[in-house]
Amino acid sequence: MKKTIALLPGDGIGKEVVDVTVEVLKAVAEHFQHQFNFNYGLIGGDAIDQKGNPLPEETLEICRNSDAIILGAVGGPKWDNNPVELRPERGLLALRKALDLFANLRPIKTFDSLLDSSPLKKEYVNGVDFIIVRELTGGLYFGKPSERIVHEGQEAVVDTLLYKRSEIERILVSAFEMAQNRRKHVTSVDKANVLESSRVWREVAEEVSKRYPDVELEHMLVDNAAMQLIRSPKQFDVIVTENMFGDILSDEASMITGSLGMLSSASLSSDGLHLYEPVHGSAPDIAGKNIANPIATVLSAAMMLRQSFGLEEEAKAIEKAVDNVLNSGLRTADLTEAGKAVSTKRIGEEIISALADDR
Ligand code: NAI
Ligand code: MG
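Just so we're aligned: the sequence shown equals residues 1 to 359 in full-length UniProt numbering.
Laid out in structure tokens, this is it:
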């Protein structure tokens, strides 16, 4: 199979984890006789420095001319005081909007070998397997106005939580379809006791659920959901929620697996050009040290092989290689005590050699 993959490493550890992922994909291509072509594009802080734009037009072109996109992460202290249009995160938000990447799927599944790495008790996290479906192109992160204003004669500020009904509907449809292939339970998370947007979200969830009689729908307030994720994470199958709620809940949920450096994601568009990225950010505190955990990005690439290219066997091979490496006890610093950790690159090499062993 011949595929073109856009690579947007971005900033900080984004570059390090994408480097490892590319090597893993090259190994997969070799073992399974595929041809993957990689096209690099600038996004985020580097793009601001080199092109004066966090999402240059040529990066969008590279993405549009590819079969799938892999992104590292954007951002860093260097750009923190930039005006809003010259912030790295703008590049990522603009990319999600431009490619209509509306459904962000974040699987939360514990690894048997990492049960001791979670700060939660083993018996609570053992066997956890759910997926967060986060709406990605609407809500608080995109609504206008979003600005400083004068209100009742005082300095004030406004952000806007805006959704078209159709946007709520399509993300719920994604969640129900996903649930049909899983344990048939959808938890729709909102704040319907306070927010009008959440009340409409609930109405739409009820409407959509009628089309999926085999799937059970449950509504949960977001504050309760934050608590339930810690109290009994095994109750969840598919969680579907608004952009910001999903952002916050998924970082929280990462601790079930032991580290943010383990969480992969897929951002799906309506037209079939999807983006795959780790849930974590550019981690400036550890960038450039060759200590970041690359597994979130490597597993995102496995999601790409499965979802975008239909390469199930290849995706499984990566997942199994990751499992084997973890079972052998090798861990990056986020998953083990100081002195016992191995480097980002070493984990990559071990994944590649585990892939080869399995052939
Ligand atoms: P972060 O996710 O970059 O880091 C949070 C903490 O987790 C840090 O202590 C970091 O060292 C650790 N961490 C994250 N990924 C790791 C990995 N793969 N291996 C080991 N440890 C890991 O979030 P933070 O620090 O709040 O933000 C840093 C920058 O990243 C900011 O500029 C932020 O805007 C940006 N960001 C970008 C995202 C993206 O590009 N998708 C998402 C989240 C934040
Ligand atoms: Mg986040």
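Don't be surprised by glycine CBs; every beta carbon is placed ideally from N, CA and C.
Going by other Cβ atoms of all chains shown within 10 Å of its Cβ, with 16 needed for buried, is residue i buried or exposed?
i: Y276; result: buried
i: S174; result: buried
i: G139; result: buried
i: S282; result: buried
i: G44; result: buried
i: residue 360; result: Missing from the structure shown is residue 360; the chain here goes from 1 to 359 and no further.
i: M227; result: exposed
i: residue 362; result: As displayed, the chain neither begins before 1 nor continues past 359, which places residue 362 out of reach and without an answer.
i: T160; result: exposed
i: R106; result: buried
i: I69; result: buried
i: V150; result: exposed
i: R148; result: exposed
Suppose you measure from the CA of residue i to the CA of residue j; what does that come to, to the nearest Å?
i: S232; j: G127; result: 11 Å
i: P278; j: A253; result: 14 Å
i: R202; j: P9; result: 37 Å
i: E312; j: P145; result: 44 Å
i: E152; j: P88; result: 33 Å
i: E206; j: L217; result: 8 Å
i: M1; j: A302; result: 15 Å
i: K122; j: N104; result: 28 Å
i: S209; j: V215; result: 7 Å
i: A27; j: R170; result: 36 Å
i: L326; j: K164; result: 43 Å
i: K340; j: Q154; result: 55 Å
Going along the chain, which residues of its own chain have a beta-carbon closer than 7 Å to the beta-carbon of residue i, five neighbours each way excluded?
i: F38; result: I5, L7 and V22
Apart from the five residues on each side of it in sequence, which residues of its chain come closer than 6 Å, Cβ to Cβ, to residue i?
i: V342; result: L330
i: T257; result: T110
i: V222; result: V189, K191 and F245
i: H34; result: M1
i: E16; result: A292 and T344
i: L268; result: A103 and H274
State yes or no: is the C-beta of residue i nearer than 7 Å to some heavy atom of ligand 2?
i: D80; result: no
Report yes if the C-beta of residue i is less than 7 Å from at least one heavy atom of ligand 1; otherwise report no.
i: H31; result: no
i: S300; result: no
i: T332; result: yes
i: D19; result: no
i: G7; result: Here the sequence assigns Leu to residue 7, which means Gly is not the residue at that position. No - ligand 1 has no heavy atom lying nearer than 7 Å to the Cβ of L7.
i: S197; result: no
i: G348; result: no
i: D285; result: yes
i: I13; result: yes
Can you list, in chain order, the residues of its chain with a C-beta nearer than 8 Å to that of residue i? Leave out the 5 residues immediately preceding and following it.
i: E167; result: F102, E135, T137 and G138
i: V84; result: R90
Environment of ligand 2 in chain order, Cβ to heavy atom below 7 Å | D247, S250, D251, V279 and G281
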